[in-house]
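*Asks:* Let me give you the structure first, and then I'll get to my questions.
Protein chains: 2
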Amino acid sequence: MSYRKKKVIPIGTVAELTGLSVRQIRYYEERKLVTPERTKGGTRKYSFEDVDILAEIANKMEDGMQTYEIRKMWEKEKEREALAQEKARKEMLQGQLNAHFNFHRLTDSRISDPRVGDR
Amino acid sequence: MSYRKKKVIPIGTVAELTGLSVRQIRYYEERKLVTPERTKGGTRKYSFEDVDILAEIANKMEDGMQTYEIRKMWEKEKEREALAQEKARKEMLQGQLNAHFNFHRLTDSRISDPRVGDR
DNA sequence: ATAGTACGTAAGATTTTCTAACATTTTTGT
DNA sequence: ACAAAAATGTTAGAAAATCTTACGTACTAT
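Right, here's the structure in full:
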């Protein structure tokens with residue numbers, strides 16, 4: 003896994019990196035905006051990705067947005083991305099099919115081009 | 003700074019990531035093989051780069067190498083890299099000088115071409 | 001044999017984090 | 001306007017994580 007996604011940073015450090023209070027960070031978890039992992043002992047571990055997400059939350063909150071609005075917004079974003087992904091996947095598949103049949107058409111035209119004739 | 007170099011990981015997590023004991027990690031610091039940062043409170047914080055370095059140490063140690071050998075080895079590596087850097091820097095500088103004078107020679111030949119004359 | 005290396009382990013102190021609860025201020029919904 | 005919800009701060013006590021120091025041990029090198 004990438005450095006960005008590995009959950010290794012304790013909450014105090016996250017607070018320093020984001021400028022948020024520990025209280026706020028825990029609250030945003032309660033509102034399902036971040037999902038840290040836990041050690042056996044139960045202490046939270048965040049990733050750099052989480053830090054970025056929290057920084058983004060801080061901005062939206064300053065703009066007067068509410069946690070549930072942020073969450074809904076992100077859910078929609080994810081939805082759109084998923085659709086775009088799906089679309090790209092299908093197009094890619096179609097492309098491969100086209101390439102496949104094109105290849106055969108070209109090959110066949112060489113082998114049996116009437117202007118050339120076999121042998 | 004890159005995610006790789008930011009010092010944010012506590013020693014327990016580093017131990018998990020590397021498979022080393024906390025004692026070993028502190029000992030390698032004593033032998034100047036890693037240099038974590040500290041929080042205000044004094045707890046150590048490591049980077050992913052440190053984690054990689056520690057994993058490398060673990061290998062060398064398994065091969066029967068001693069800490070001071072590892073350190074000496076790395077110092078030499080750094081030295082060689084520094085020289086290579088310096089060499090590249092000089093070559094780059096020379097290249098720029100060449101380009102510079104080439105440019106002037108061409109320009110001058112236009113402005114003061116004896117076959118054309120000034121004014 | 002002595003000294004140095006590379007740890008493990010234990011003790012006690014300090015730092016960090018945890019949950020839960022209550023208080024406060026600012027919205028929001030009816 | 002009022003009650004409910006949102007978004008924190010604060011406090012308290014417990015638990016987890018880390019710190020330093022020191023002693024012990026098994027090797028290895030000189």
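Protein chains in written order, with the numbering used here: chain A, 3 to 121; chain B, 3 to 121.
For every residue, glycine included, the Cβ atom is placed at its ideal position computed from N, Cα and C.
Using a Cβ cut-off of 8 Å, which residues of the stretch 9–23 of chain A contact any Cβ in chain B, in chain order?
*Replies:* V10, I11, P12, G14, T15, L19
*Asks:* Report the partner residues of B/Y48 according to the DSSP bridge assignment.
*Replies:* As a working note, residue 48 of chain B is residue 46 in the second sequence. Answer is B/I11, bridged to B/Y48.
*Asks:* Tell me whether B/D52 is buried or exposed, calling it buried when 16 or more other Cβ atoms sit within 10 Å of its Cβ.
*Replies:* What you label residue 52 of chain B is simply residue 50 of the second sequence in a count that begins at 1. With 16 or more other Cβ atoms within 10 Å, it is buried.
*Asks:* Could you pull out every unbroken beta strand (DSSP E) segment of at least 3 residues lying fully inside the stretch 22–71 of chain A, listed in chain order?
*Replies:* none
*Asks:* Looking at chain B, is there any beta carbon in it that lies within less than 8 Å of the beta carbon of A/R33?
*Replies:* The count along the first sequence starts at 1 and reaches residue 33 of chain A at position 31. No, no contact with chain B.
*Asks:* Could you compute how far the alpha carbon of B/T15 sits from the alpha carbon of A/Y29?
*Replies:* Within the second sequence, residue 15 of chain B is the residue found at index 13, counting from 1. Within the first sequence, residue 29 of chain A is the residue found at index 27, counting from 1. If I take the Cα positions, the gap works out to 24 Å.
*Asks:* Would the stretch 19–36 of chain B and the stretch 67–82 of chain A be scored as touching if the rule is three or more Cβ pairs under 8 Å?
*Replies:* Look at the beta carbons and you see the stretch 19–36 of chain B not touching the stretch 67–82 of chain A: under three pairs across the two are nearer than 8 Å.
*Asks:* Please determine if the stretch 38–49 of chain B and the stretch 4–11 of chain B are in contact, where contact requires at least 3 C-beta pairs separated by less than 8 Å.
*Replies:* yes
*Asks:* If we ignore side chains and look at the alpha-carbon of each, how far apart do B/T41 and B/N61 end up?
*Replies:* The sequence position of residue 41 of chain B within the second sequence is 39, counting from 1. The sequence position of residue 61 of chain B within the second sequence is 59, counting from 1. Each residue's alpha carbon lies about 29 Å from the other.
*Asks:* Check this for me: beta carbons of B/V24 and B/L56, under 8 Å apart or not?
*Replies:* What you label residue 24 of chain B is simply residue 22 of the second sequence in a count that begins at 1. What you label residue 56 of chain B is simply residue 54 of the second sequence in a count that begins at 1. Cβ atoms of B/V24 and B/L56: not closer than 8 Å.
*Asks:* Would you report the Cα separation of A/E77 and A/E83, rounded to the nearest angstrom?
*Replies:* The residue labelled residue 77 of chain A in the question sits at position 75 within the first sequence. The residue labelled residue 83 of chain A in the question sits at position 81 within the first sequence. Roughly 10 Å separates the two Cα atoms.
*Asks:* Rounded to whole angstroms, what is the Cα-Cα separation between A/L19 and A/E81?
*Replies:* Along the first sequence, one-based indexing puts residue 19 of chain A at 17. Along the first sequence, one-based indexing puts residue 81 of chain A at 79. So the alpha carbons of these two residues sit roughly 29 Å apart.
*Asks:* Who are the near neighbours of B/M67 in its chain, counting only those whose CB is closer than 6 Å to its CB and skipping five residues on each side?
*Replies:* As a position in the second sequence, residue 67 of chain B is number 65, starting the count at 1. Same-chain partners within the cutoff: there are none.
*Asks:* Rounded to whole angstroms, what is the Cα-Cα separation between A/G21 and B/M63?
*Replies:* The residue you call residue 21 of chain A lines up with position 19 of the first sequence. The residue you call residue 63 of chain B lines up with position 61 of the second sequence. Their Cα atoms are separated by approximately 40 Å.
*Asks:* Using a Cβ-Cβ cutoff of less than 8 Å, which residues in the same chain neighbour A/K89 once the five nearest sequence positions on both sides are dropped?
*Replies:* For the purposes of this step, residue 89 of chain A is identified with residue 87 of the first sequence, where counting begins at 1. Excluding residues within five positions, none has a Cβ falling inside 8 Å.
*Asks:* Counting only the same chain and skipping the five closest in sequence on each side, list residues whose C-beta sits under 7 Å from that of B/P38.
*Replies:* Numbered from 1 along the second sequence, position 36 holds the residue referred to as residue 38 of chain B. Contacts found: K9, E31, R46, K47, Y48, D52.
*Asks:* Hey, would you say B/I11 sits closer than 8 Å to A/I11, going by beta carbons?
*Replies:* Reading the second sequence from its first residue, position 9 is the one you call residue 11 of chain B. Reading the first sequence from its first residue, position 9 is the one you call residue 11 of chain A. Contact: yes.
*Asks:* Given a limit of 8 Å on CB to CB distance, which residues of the stretch 63–87 of chain B reach chain A?
*Replies:* none
*Asks:* Can you tell me which of the three DSSP states B/M75 falls into?
*Replies:* For this step, residue 75 of chain B is matched to residue 73 along the second sequence. B/M75: helix per DSSP, three-state reduction.
*Asks:* Within 8 Å (strictly less), CB to CB, does A/K47 reach chain B?
*Replies:* Translated into the one-based positions of the first sequence, residue 47 of chain A becomes position 45. Chain B contact via Cβ: present.
*Asks:* Please report how far the alpha carbon of A/Q87 lies from the alpha carbon of A/I59, in whole angstroms.
*Replies:* Counting from 1 along the first sequence, the entry for residue 87 of chain A is found at position 85. Counting from 1 along the first sequence, the entry for residue 59 of chain A is found at position 57. Near 25 Å, if we compare the C-alpha coordinates of A/I59 and A/Q87.
*Asks:* Under the three-state reduction of DSSP, which class applies to B/M3: helix, strand or coil?
*Replies:* For this step, residue 3 of chain B is matched to residue 1 along the second sequence. Here B/M3 sits in coil by DSSP.
*Asks:* Look at the alpha carbon of B/K34 and the alpha carbon of B/M75, and state the distance between them as a whole number of angstroms.
*Replies:* Taking the second sequence and counting its residues from 1, the one referred to as residue 34 of chain B is at position 32. Taking the second sequence and counting its residues from 1, the one referred to as residue 75 of chain B is at position 73. Cα-Cα distance, rounded: 13 Å.
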